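For reference, the structure discussed in these notes is given below.
Number of protein chains: 2
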Amino acid sequence: MALLDTVVMRGLSIQGALSPEDKAVLLGLELNPRHMSASEVLWQESAVADLFCVVKEGWAYSYRNLKNGSKQILKFYLPGDIVGIRDFGFTRRLSSASMINKGVIYPFSYQQLFELFGRSNLAVGIMATAMRQQALLSERLIYLGKYSAHEQLAHFLYEIYLRLKRIGDVEDNSFLMPLTQELISDALGMSPVHVSRTFSMLREEGLVIRDRQHVKLPDPEALARLVEFNDSYIDELLPPTFSELLRARL
Amino acid sequence: MALLDTVVMRGLSIQGALSPEDKAVLLGLELNPRHMSASEVLWQESAVADLFCVVKEGWAYSYRNLKNGSKQILKFYLPGDIVGIRDFGFTRRLSSASMINKGVIYPFSYQQLFELFGRSNLAVGIMATAMRQQALLSERLIYLGKYSAHEQLAHFLYEIYLRLKRIGDVEDNSFLMPLTQELISDALGMSPVHVSRTFSMLREEGLVIRDRQHVKLPDPEALARLVEFNDSYIDELLPPTFSELLRARL
DNA sequence: CACTATCTATAACCTATGTTACGTTAGCAA
DNA sequence: TTGCTAACGTAACATAGGTTATAGATAGTG
């Protein structure tokens, strides 16, 4: 089964809509199959991200190793799925990826994807932005899976803090957060009562001071340590290679 | 603050790398600000998806209303964030979106984004595929938040079943799943023991028959009913408008 | 100013799920 | 065959977090 018929385009019903250049790219991919053994690692977290993989045969999965020794699996990949496109827009991998059983994959460089975008750097930027925003969801997923309410809420508040700081809406470690405890509970998947309880705990620990919408984090770094916050997915600039490539095309 | 300096491109350091066409698009957006009141709905789940919004002022959030009466919030959007790009590649919205407080947003049509992609329909396809795969993560997030282990595992198995069926790896409602209970527990964020317990429950209910890697779902529809599975994000073809647009450009 | 709705805090009790432990089975190698 | 190991099933107990209830605080409104 050729990539053209199956993988990226399967179900998208645009096989007939590919330009000759697009077809050439797809056919080129099939020249480079990589045979993988069971449990073989595709890449480790924080390795340089420069390609994604189309799974031809076998199952794979992406995961994050956590400080408490466990790991959170983000996704299982079946034949036809694309592994690693979540990192498009980042310099380094946000999660590791491994095969489960043996299989075959086709690597596809970000550079190749880049070229497909033609002249519009805006399109690249939007795609990268979309992937970055989705990265926030993945982080939330990790927290929902393996951490206590205490750590989840701390993580949530620190994320909001960082995002607001990025747009200049934090002053003296304080910010305005127009959320009720009920909204927060709906976001974190816990009961409103427990959100209140957990806020009380954080207050007693001196980590969070809150009066209705006014929130202050007296020691943001302490919070960050508590939750091993990986801020690369919020703060990081576009990968240097992106900037070069983008400018070079004008 | 102009969009050019801030929103999509903020932190991406590609302001200087935009083509004149890109800049024209961005400037055009600012001509159409939409003023929103507190709690105003941007769109409802399963409405037709044809645009995304850049948040200029105020907070917004996306959420899914669940059958048990609660709702799961997927994400809070702060100024500068893009709401609704997760649905790019789908005909209908996968989640609702509302303002939290009052604010201003800039709508941006999928059509406009489409045009940015230039001649490469492959690039469009890849982006759409990426968003669709991310949609799976969002669904998982929803399940982690609000449902019991029983429902989560049922949902997980049904998702695998549908994905395998799509690629022709299901026969007589049976398939091969090379996952240990430990891997499943790492994916669902529950203990391996509880995965085993839950499998036992599903077996007793006659919903899942499993012997090691061999899994059979005697009545997939019963499973689907149990978990109110929204299969649009797995099975759906590219939106009809996509196909038209893609072909028209060749 | 008082009235009301909304939000928040805390307590008491209950349940789903985690933890620890141990025994069974399947597969594989010597 | 025997033994070894990884995966699985199940029981007993512990606990984080859900549920229900009540009361205090706050902001908005006439």
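Chains A and B, in that order, give the protein sequences.
Counted from 1, the first sequence has number 62 at position 62 by the numbering used here; the numbering is strictly sequential.
Counted from 1, the second sequence has number 115 at position 115 by the numbering used here; the numbering is strictly sequential.
Using N, Cα and C, we set each Cβ at its ideal position, and we do this for glycine too.
In this text the structure is predicted, and so the values were computed from the model without any measurement.
Around the Cβ of residue i, are there at least 16 other Cβ atoms within 10 angstroms (buried) or fewer (exposed)?
| i | result |
| --- | --- |
| SER196 (chain A) | exposed |
| SER96 (chain B) | buried |
| GLU221 (chain A) | exposed |
| LEU12 (chain B) | Bear in mind that a pLDDT of 48 at LEU12 (chain B), under 50, signals an unreliable position, so the number given afterwards is only what the model happens to contain. Under this definition LEU12 (chain B) is a buried residue. |
| ASP186 (chain A) | buried |
| GLN255 (chain A) | In the structure as shown, chain A begins at 1 and stops at 250. Residue 255 (chain A) is therefore absent and cannot be evaluated. |
| GLY206 (chain A) | exposed |
| ALA38 (chain B) | exposed |
| LEU116 (chain B) | buried |
| VAL215 (chain A) | buried |
| ARG34 (chain B) | exposed |
| LEU18 (chain A) | buried |
| GLY80 (chain B) | buried |
| SER200 (chain A) | exposed |
| MET1 (chain B) | Residue confidence for MET1 (chain B) is low, a pLDDT of 49 falling below 50, so the modelled location carries little weight and cannot support an answer. |
Please compile the residues from chain B whose C-beta is within a distance smaller than 7 Å of the C-beta of residue i.
| i | result |
| --- | --- |
| ASP81 (chain A) | GLN133 |
| ARG140 (chain A) | LEU141 |
| ARG163 (chain A) | LEU78 |
| ILE85 (chain A) | ALA130 |
Just to confirm before moving on: does the CB-CB distance between residue i and residue j stay below 9 Å?
| i | j | result |
| --- | --- | --- |
| HIS150 (chain B) | LEU188 (chain B) | no |
| LEU136 (chain A) | LEU74 (chain A) | no |
| GLY103 (chain A) | GLY145 (chain A) | no |
| LYS56 (chain A) | TYR106 (chain A) | yes |
| ALA49 (chain A) | ARG93 (chain A) | yes |
| VAL124 (chain A) | PHE108 (chain A) | no |
| SER138 (chain A) | ARG210 (chain A) | no |
| GLY84 (chain B) | LEU51 (chain B) | yes |
Report the rounded CA-to-CA distance for residue i versus residue j, giving the unit in angstroms.
| i | j | result |
| --- | --- | --- |
| GLN152 (chain B) | PRO20 (chain A) | 44 Å |
| GLN133 (chain A) | ASP172 (chain B) | 40 Å |
| GLY118 (chain B) | VAL54 (chain A) | 24 Å |
| GLY89 (chain B) | MET131 (chain B) | 7 Å |
| PHE175 (chain A) | TYR233 (chain A) | 21 Å |
| MET41 (chain A) | LYS67 (chain A) | The sequence shown places Val at residue 41 (chain A), not Met. Those two C-alpha atoms are separated by around 20 Å. |
| THR129 (chain A) | ALA128 (chain B) | 14 Å |
| VAL193 (chain B) | ILE82 (chain A) | 31 Å |
| TYR158 (chain A) | SER62 (chain B) | 20 Å |
| LEU179 (chain B) | PHE76 (chain A) | 10 Å |
| ILE160 (chain A) | SER148 (chain A) | 18 Å |
| GLY28 (chain A) | GLN112 (chain B) | 30 Å |
| TRP43 (chain B) | ASN65 (chain B) | 13 Å |
| GLN72 (chain A) | ALA24 (chain B) | 43 Å |
| GLN181 (chain A) | TYR143 (chain B) | 20 Å |
| ASP169 (chain A) | MET177 (chain A) | 10 Å |
| VAL7 (chain B) | GLU204 (chain B) | Its pLDDT being 48, under 50, VAL7 (chain B) is placed unreliably by the model, and the measurement read from it follows with that caveat. Between VAL7 (chain B) and GLU204 (chain B), the C-alpha separation is close to 53 Å. |
| GLU228 (chain B) | ILE126 (chain A) | 32 Å |
| MET190 (chain A) | SER46 (chain B) | 26 Å |
| ASP219 (chain A) | SER70 (chain A) | 28 Å |
| LEU239 (chain A) | PRO239 (chain B) | It is Pro, not Leu, that sits at residue 239 (chain A) in the sequence shown. If I take the Cα positions, the gap works out to 32 Å. |
| LEU26 (chain B) | MET36 (chain B) | 20 Å |
| SER98 (chain B) | THR91 (chain B) | 19 Å |
| ALA154 (chain B) | THR198 (chain A) | 30 Å |
Residue i versus chain A: which residues are under 8 Å apart at the beta carbon?
| i | result |
| --- | --- |
| TYR63 (chain B) | ASP186 |
| SER70 (chain B) | ASP186 |
| PHE117 (chain B) | PHE117, GLY118, SER120, ALA123 |
| VAL25 (chain B) | LEU122 |
| MET201 (chain B) | Within 8 Å Cβ-Cβ: nothing; MET201 (chain B) doesn't reach chain A, min ~21 Å. |
| ILE73 (chain B) | LEU183, ASP186, ALA187 |
Just to check my reading of the structure: residue i and residue j have Cβ atoms closer than 8 Å, yes? What is that Cβ distance to the nearest angstrom?
| i | j | result |
| --- | --- | --- |
| ILE167 (chain A) | LEU78 (chain B) | 7 Å |
| LEU217 (chain A) | LEU226 (chain A) | Contact flag wrong, Cβ pair sits at about 11 Å. |
| ASP231 (chain A) | LEU164 (chain A) | Contact doesn't hold; Cβ gap of about 13 Å is too wide. |
| ASN121 (chain B) | ASP22 (chain A) | 6 Å |
Can you list the residues of chain B that residue i reaches, using a CB-CB cut of under 9 Å?
| i | result |
| --- | --- |
| TRP59 (chain A) | MET177, PRO178, LEU179 |
I want to verify the contact list: residues of chain B whose CB lies under 8 Å from the CB of residue i, in sequence order.
| i | result |
| --- | --- |
| ASN101 (chain A) | PRO178 |
| LEU137 (chain A) | LEU74, LYS75, GLN134, LEU137, SER138, LEU141 |
| ALA252 (chain A) | Residue coverage of chain A in this structure runs from 1 to 250, which leaves residue 252 (chain A) outside it and unanswerable. |
| LEU113 (chain A) | ALA123, ILE126 |
Please compile the residues from chain A whose C-beta is within a distance smaller than 9 Å of the C-beta of residue i.
| i | result |
| --- | --- |
| GLY28 (chain B) | Within 9 Å Cβ-Cβ: nothing; GLY28 (chain B) doesn't reach chain A, min ~12 Å. |
| ALA97 (chain B) | The contacting residues do not exist; ALA97 (chain B) stays about 13 Å from chain A at best. |
Show which residues of chain A have a CB atom less than 7 Å away from the CB atom of residue i.
| i | result |
| --- | --- |
| MET127 (chain B) | MET127 |
| GLY145 (chain B) | LEU144, GLY189 |
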